[in-house]
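All remarks here apply to the structure that follows.
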Amino acid sequence: MNILLVTLAYPENEAQTNLYTDLMSEFKKNGHDVTVVCQREKRNNKPTELISHCSIPVLRVRTGNVTKTNRIEKGISTLQLEYKFLKAIKKHFVNKKFDLVLYSTPPITFEKVIKYFKDTQNVTTYLLLKDIFPQNAVDIGLVKENSIIHKYFEKKEKSLYDISDFIGCMSEANKQYLLKHHPEIDERKVEVNPNTIVPTVIITDTSKGDIRESLNIPHEALLFIYGGNLGKPQGIDFLIKSLNLYKNQDDVYFLIVGSGTEYNRIQQYIGSNKPTNIRLESYMPKDQYDELVRAADIGMIYLDKRFTIPNIPSRLTAYMNNSKPVLAVTDVNTDLKEIIKEANCGYYTPAGDEQLFKKTVEIIKKERSNLLNLGDNGRKYLESNFHVSISYEIIMKHFDR
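Rendered as structure tokens:
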């Protein structure tokens, strides 16, 4: 089949991988013709162009900045995505026919792009629902409920769901939330299609001790690592409060690696308080970041406590891939805590509760000798439940083969 993926998140560097590069590689491995359309933010100073990424043609569309920018620029750039994607697609794929169009959220504003293919070609459309917008923005105060912008995006959201032949949700709770709040959706077209990756065999010549030494991290300290986006959805207020509970304690160390709109707030906290056991690093290459994860004892996931939508951060599979146990500090609505319990791969504590956070960290300190086992459990769970071949088969079962 001829497959098209429309997404924002497709890395330029071939050494970088994510959910979508792995899924497209799986389709290609199984003999399909694969094409990708993704954004190229203007901060990169590169034009719209069709180039190859790991032998897969990728149309990179120059857009405004959507990520790691202020609310106004993000909003304007998001509203322009449909037009810019459509213009590039019509120019570069005028004679290209597709059988299946996959597309992910965010953003919710691809409805006209998908409709174009529905109207001009006999395509099957499949939404990989990774973000329920605009409700998630309402939850954390980025969009005012019942405002004009809220109602506009709600209309776009409903149109996207309506035009989708199938909708793959990240988890069972995510699926049930969608059906409960959108009863107009035919439940027969909604299914669980989790975040999946290609599990990798990680080999390194650098010892954990050498990595810690290079960052002046005490060898005996229990090392927590947080890696990923540092934005509003992560609930940075509580991240800072929770780390501050252990400020200057020599038996624990917190390493924060990432970038985003809230990066400066953490930087300011560290600059003002000068904690001896909290370190902040900006974005770094994947191989370098993976070395830091391997040197850590446990990986952390943060989500804002106000979320009503069950989110499953992709960071979970990254920690599992590195055989690291997980400490999830999130809202109570996500079923991430149930996944961690089923996999027996870590700990959960509700975001916003300092006492429970401290109690959980103390339990982890006492159970330090068991962290390797928890990490191994996570890796096994990843291979059995979050392997990219699972997502591939979930999608392909809708087609006669």
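6 is the number of the first residue of the sequence shown in the working numbering; add one for each residue after it.
Glycine is no exception: its CB is placed at the ideal position from the N, C-alpha and C atoms.
- A residue is called buried when at least 16 other Cβ atoms come within 10 angstroms of its Cβ; V63 meets this threshold and is buried.
- For R373, the number of other beta carbons within 10 angstroms of its own is below 16, and it is reported as exposed.
- Annotation: N75 to D405 spans about 46 Å, alpha carbon to alpha carbon.
- Within the same chain, Cβ atoms closer than 8 Å to the Cβ of R320 are found at G232, G233, G304, I306, the five residues on either side in sequence being excluded.
- In the DSSP assignment, the residues bridged to L227 are V257.
- Inclusion of T130 and I119 in the CB contact set at 8 Å is warranted, their separation being smaller than that value.
- For the region 308 to 355, the full-length beta strand (DSSP E) segments reaching 3 residues or more read 331 to 335, 351 to 355 along the chain.
- Restricting attention to S212, T114, Y157, the CA atom closest to the CA of I168 is found in T114.
- Here the alpha carbons of I8 and T40 stand approximately 6 Å from one another.
- Out of F98, Y88, K33, K47, the CA that lies nearest to the CA of L55 is found in F98.
- For T110, the enclosing beta strand (DSSP E) covers residues 105 to 110.
- Residue environment analysis places K329 among the buried positions, since at least 16 neighbouring C-beta atoms fall within 10 angstroms of its C-beta.
- When the beta-carbon positions are compared, L332 and Y352 come within less than 8 Å of each other.
- Going by beta carbons, E159 and P139 fall inside the 8 Å limit.
- When Cβ pairs closer than 8 Å are counted between the two stretches, the region 260 to 275 is seen not to touch the region 200 to 210, the count staying below three.
- Linking I94 to V42 through their CA atoms gives a straight-line distance of about 8 Å.
- DSSP lists N7 as the bridge partner or partners of D38.
- Looking at the DSSP output, L377 sits in no beta bridge, so it has no partner there.
- Cβ-Cβ distances below 8 Å link F312 to N141, D144, I145, P238, T335, D336, N338, T339 in the same chain, with the five nearest sequence neighbours on each side left out; the list follows chain order.
- Taking one beta carbon from each stretch, the region 284 to 295 and the region 254 to 272 have 3 or more pairs nearer than 8 Å; the two touch.
- When DSSP states are grouped into helix, strand and coil, T266 belongs to the coil group.
- Among the bridge pairs identified by DSSP, T130 is matched with V106.
- For E189, there is no enclosing beta strand (DSSP E), as DSSP marks it with neither H nor E.
- Looking at the DSSP output, S57 shares a beta bridge with P62.
- Boundaries for V206: no beta strand (DSSP E) harbours it, and the DSSP string shows neither H nor E there.
- Taking the CA atoms as reference points, L107 sits about 42 Å from L227.
- Looking at the DSSP output, E196 shares a beta bridge with G173.
- For I222, the secondary structure class from DSSP, reduced to helix, strand or coil, is coil.
- Going by beta carbons, I172 and L134 fall inside the 8 Å limit.
- A distance of 8 Å or more separates the beta carbons of F90 and V128.
- A distance below 8 Å separates the beta carbons of I230 and L297.
- Residue nearest to R65 within the set D27, T12, H37, C59 is T12 (criterion: CA-CA distance).
- In the three-state DSSP reduction, L250 falls in the coil class, being neither helix nor strand.
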